[in-house]
Amino acid sequence: MTQLDIVIPLEQIVVLPAGVNKREALNLLIDAMSGNPVITDREAFRRAVFEREAVMSTGIGNGIGVPHVRIPEVTVPTIGVAVSDEGVDFQAMDNKPVHIMILFATPLGAEKAYLTLLAKVMIVLRNRNLYASLRACRTPGEVHAVLSR
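Residue numbering for the sequence shown follows my numbering, starting at 42 and increasing by one per position.
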């Protein structure tokens, strides 16, 4: 993908329906990502995401959430994207709804890969025009097209 300089499979992009809560939003994104063979145990992945969120919300503010896990059940770093025009109450630092969620799944010991991915995402999402374009997307294909520009 041009925007992030990484490939996000279309199957790992979710446009969230109106009215979903944080748990439902995360479950939809986890389910979308769990079909990727680099995630070897769907339930371990799900548990890890929710355990991480229980420690502290990954809603970092400005409408962005970056849930992330580093677990042995992930063999290669991968990312999923969820978009919500309405927003999801993520208990974000600024108490505002999250509209763009980027879920990082990386293997244990891949801290450098995780930090590199996070830095790329943060640079890209600082572009408010891109953020607005993503938020307006109604299908995974539209999200994919915006990220591919």
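Glycine included, C-beta positions come from ideal geometry on N, C-alpha and C.
Only a predicted model underlies this, so the values are computations on that prediction, with no experimental measurement involved.
- Query: Using the beta-carbon count (16 or more within 10 Å), is Q132 buried or exposed?
  - Reply: exposed
- Task: Report the three-state DSSP secondary structure of P180 (helix, strand or coil).
- Result: According to the sequence displayed, residue 180 carries Thr and not Pro. Coil at T180, not helix or strand.
- Contact between the stretch 141 to 159 and the stretch 99 to 115: three or more CB pairs below 8 Å? yes
- Query: When you compare only the Cα positions, how much space is there between T116 and L51?
  - Reply: 19 Å
- Query: Ends of the alpha helix (DSSP H) at F91?
  - Reply: R83 to V96
- Item | alpha helix (DSSP H) segment containing L69, residue limits | K63 to S75
- What span of residues does the beta strand (DSSP E) with I101 cover, start to end? G100 to G102
- Task: Mind listing, in chain order, the continuous alpha helix (DSSP H) runs of no fewer than 4 residues lying wholly within the stretch 143 to 176?
- Result: 152 to 166 and 169 to 176
- Please name the residue in T119, N136, G182 and D126 whose C-alpha comes closest to that of T157. T119
- Task: Look up I80 in the DSSP assignment and give the residues it is bridged to.
- Result: V115
- Query: Near R210, what residues of its chain come up, given a Cβ to Cβ distance below 6 Å and the 5 sequence neighbours on each side ignored?
  - Reply: Outside the displayed range of the chain (42 to 190) lies residue 210, so it cannot be described from this structure.
- Rounded to whole angstroms, how far is the Cβ of G192 from the Cβ of K137, which I believe are closer than 8 Å? Outside the shown range of the chain, which is 42 to 190, sits residue 192, and nothing can be said about it.
- Message: Using a 10 Å radius around the Cβ and a threshold of 16 neighbouring Cβ atoms, would you call V96 buried or exposed?
- Response: exposed
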